[in-house]
Amino acid sequence: MKNVLILGATSGIAKALAYQFAGKKHNLLLAGRDVEEMKRIAQDIHIRHGVKVTVHPFDALDYDGHADFFTNCLETAGEIDGIVLAYGYLGDQRRAENEFAEARRVIETNYLSAVSVLNIAANYFESKKDGFLCVLSSVAGDRGRQSNFMYGSAKGGLSLYLQGLRNRLSKSGVHVLTVKPGFVDTKMTFGQSGMFLVAKPEQVAKAIDKMIQKRVDVAYTPFFWRYIMLIIKSVPERIFKRLSL
Amino acid sequence: MIKHKESLIAGWGNYPAEVCNVYRPDRVRDITELIASGAQPHYISRGLGRSYGDTALNHGSGVLLHTEFARFVHFDEQTGILECEAGVSFEEIIEHFLPRGWFLPVTPGTKFVTVGGAIANDVHGKNHHVDGTFSQHVLDFKLLLASGEIVHCSREEQSDLFYATIGGVGLTGVILTARFRLIPVESAYLEVDYLKAKNLDHAFELFAQTNEKYQYSVAWIDCLSKGDNLGRSVLMLGNHAPASKVKTGGDPLRIKNKPKFNVPFNFPSFVLNRWSIRAFNFAYYNIHQNEKSKIVDYDSFFYPLDSVHNWNRAYGKKGFVQYQAVFPPETSRQGLTEMLKRLSQSGRSSFLAVLKSSGEQNGGLLSFPFKGYTLALDIPLHDDGLFPFLRELDELVAAHGGRIYLAKDSEASPATFANMYPDLAKFQAVKAAVDPNNVFSSSQARRLGIVEESR
């Protein structure tokens, strides 16, 4: 039995992961902005699985509040064994190109805020010499494309940050997992055109749980995205720059 | 605002299939914002798509999936009262509460239905003669109206809306959460007796003799038998088994997982033909012997077809029509005899036909069952000749004071329907008061004239 903190607990993949963990009798700390929605999820998980689920208001962009937030979570749970960072903001690429506020929100939510909260968590796990950090990055961070490079660059930055963090924490025995999901059937993608090979969140959650068990470093999910991205990454830049992807 | 997917969808009979604009909201405000936006002229809720015809279809209009409204809200271990969202399935309720000693008060022949769908279609099961429909075990529910207001409905509070919503096929609003009573059980098994009936009269006799002794009763009827054998059937009579009778060695509240089968694609339509169906019915009747006190797990007893996923595909791409009618006691014998005769004359055969005695009617304005006998059939849709035939059946049913079931209907006419449901006008008055613009409407509701075609 572990205590797992989920940041961005109302997102599609986060919800599926919460149920996956609860099924294994882990206690959960759900963190996010929509407290009512998290309470609704917490109640349901408790009735189904009998585990302890607590709800914690968390605003990714309130950097000054992150330390207190983390202390508060620790006080509630006594100890935290793992953290899942599952929030993100896709934003609107075109708007982000014209309004700096939108670009800033995309970069701050996906990258800066993650650095802020993961720094705190990393220090905690490092001193404990145990724990896992499971962070949802994106395949969009593997190569810049005109259709979503604002989001992609922030996620790409996040992936690099995690690489460094993994390097730093390896000697403390702390596991850092970078997850790069492909298309997942969530609210964000429902009804969106151009979706293919769409995976169910439950399927993705199961795979992520397995990667945590196996202490995988970087994982694509579903697995075949590794090969799709391998192809996309291997296209020479002078050709790639002319493609409309 | 949430996005939609334009999809070709159908009910469980695969007929009719219609292009609908499908939404998958995950918060109540998604629905209220959507309705306020006027994005679609009409909306209808859809659960797991197990109603057979066009009950949960909305041609060219909005369909609201309840996939994300599937949370348990509260459970009282003392009283067995469960509160949950409308998208919770019966399968999930069994999965989580049977191991704790609780079972559904009423269940239809599949566990892949949602609580919202069970209320909206006012489903019944093998215990209708003693326990009534599912709604009779519902204490109250929250209903989202077209105005965006959320009202609490029970037999005392907003009782007009309560009785219009049970069996109201989603036309009064969106059921958000409901509270209902589970029943305590000692085991996941039933103690079952099998009795063979030579013909319809014999089946009636056996039902009358056994109705008080068994909580659950149903007869599989061979609808191809003729003459003196017309209506020959196998009665299945059961009660929840006490823990002491379960000799599996393990926890009496759990059953072993059984292998699941899947029908991966639509079978060619010749697979289920007159001869194969005849052979099946013949074998079904002859394999069964009178048997006493057999211990059967709940899955095999209540949900024999659930172990074959997508069994509806066995009927081929054209699909099938499920037809269910109830007759009052005075005319049951005559009405059913006539119905079975017409079926066997027309050569339209039903793979499985189910006969059941039903209990008193409840207050649901469009609720289906009333006291008497009900017969349910699956008829493969091979040709368009089926529809005139079904209309003949409708007339026969109406002439005998019977009625057909909305959850299974895909072809009835407005006049026949109005004739069968004398409370239709009352229903329409309640609906007009809360939804004057028919925000909630379905293909079926328009076809049957339950709501007026707008525009």
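Top line first, the protein sequences correspond to chains A and B.
Mapping of the first sequence onto full-length UniProt numbering: residues 1 to 245, in sequence order.
Mapping of the second sequence onto full-length UniProt numbering: residues 1 to 455, in sequence order.
For glycine and all other residues, C-beta sits at the position ideal for the given N, C-alpha and C.
- The closest CA to that of P242 of chain B, considering only B:G231, B:D228, B:Y216, B:A188, is found on B:A188.
- In the three-state reduction of the DSSP assignment, K111 of chain B falls in the coil class, being assigned neither a helical nor a strand state.
- Between E36 of chain A and A432 of chain B, the alpha-carbon positions lie close to 33 Å from each other.
- Per the C-alpha coordinates, the member of B:I404, B:Q324, B:Q289, B:R29 positioned closest to L352 of chain B is B:Q324.
- Taking one beta carbon from each stretch, the segment 122 to 135 of chain A and the segment 163 to 178 of chain A have 3 or more pairs nearer than 8 Å; the two touch.
- Non-local beta-carbon contacts of I83 of chain A in its own chain, meaning distances under 6 Å to residues more than five positions away in sequence, involve L5, A121, L133 in chain order.
- For the pair A118 of chain B and F134 of chain B, the CB atoms are nearer than the 8 Å cut-off.
- With fewer than 16 other beta carbons inside 10 angstroms of its own, M1 of chain A counts as exposed.
- Following the DSSP letters along the chain, one finds M420 of chain B inside the alpha helix (DSSP H) bounded by residues 414 to 420.
- Closer than 7 Å at the C-beta level to chain A, one finds these residues of the segment 81 to 102 of chain B: H96.
- Of all alpha-carbon atoms in B:F301, B:V234, B:A86, B:S147, the one lying nearest the alpha-carbon of R46 of chain B is that of B:A86.
- Within the segment 26 to 51 of chain B, D26, R27 place their CB atoms closer than 8 Å to a CB of chain A, listed in sequence order.
- Here T189 of chain A has F183, M195, V198 as same chain residues with Cβ atoms under 8 Å from its own Cβ, once five neighbours each way along the sequence are excluded.
- Around Q43 of chain A, the beta-carbon contacts reaching into chain B at under 9 Å are R71, F72, V73, H74.
- In this structure H129 of chain B is in contact with G359 of chain B, their Cβ atoms being roughly 4 Å apart against a cut-off of 8 Å.
- Cβ contact annotation for R24 of chain B (same chain, cutoff 7 Å, sequence separation greater than five): L65, T67, E68, in chain order.
- Bounds of the beta strand (DSSP E) holding I175 of chain B are 174 to 181.
- Think of a sphere of 7 Å around the beta carbon of R40 of chain A: the chain B residues whose beta carbon falls inside it are R71, in chain order.
- Near chain A, meaning a CB-to-CB distance below 7 Å, the residues of the segment 12 to 26 of chain B are R24, D26.
- Leaving aside the five residues that flank N290 of chain B on each side, the residues in its chain whose CB is nearer than 7 Å to its CB run, in chain order, Y194, L195, K196.
- Taken in chain order, the complete beta strand (DSSP E) segments of 3 residues or longer contained in the segment 90 to 154 of chain B are 138 to 144, 150 to 154.
- R48 of chain A belongs to the set of residues whose beta carbon lies under 8 Å from a beta carbon in chain B.
- Between A10 of chain B and the set B:G38, B:E92, B:K318, B:F280, the nearest pair of CA atoms involves B:K318.
- Of all C-beta pairs linking the segment 38 to 49 of chain A to the segment 230 to 244 of chain A, fewer than three are shorter than 8 Å, placing the two stretches out of contact.
- Between N312 of chain B and N121 of chain B, the CB-CB gap reaches or exceeds 8 Å.
- Among the residues facing chain A, H4 of chain B is included, as its CB has a counterpart in that chain under 8 Å away.
- Under the 8 Å Cβ criterion, the segment 167 to 176 of chain B does not count as touching the segment 105 to 113 of chain B, having fewer than three qualifying pairs.
- If you look at G164 of chain A, you'll find it in the alpha helix (DSSP H) that goes 149 to 169.
- The C-beta distance from E191 of chain B to N239 of chain B rounds to 6 Å, short enough to fall under 8 Å.
- Annotated three-state conformation of Y87 of chain A is coil, per DSSP.
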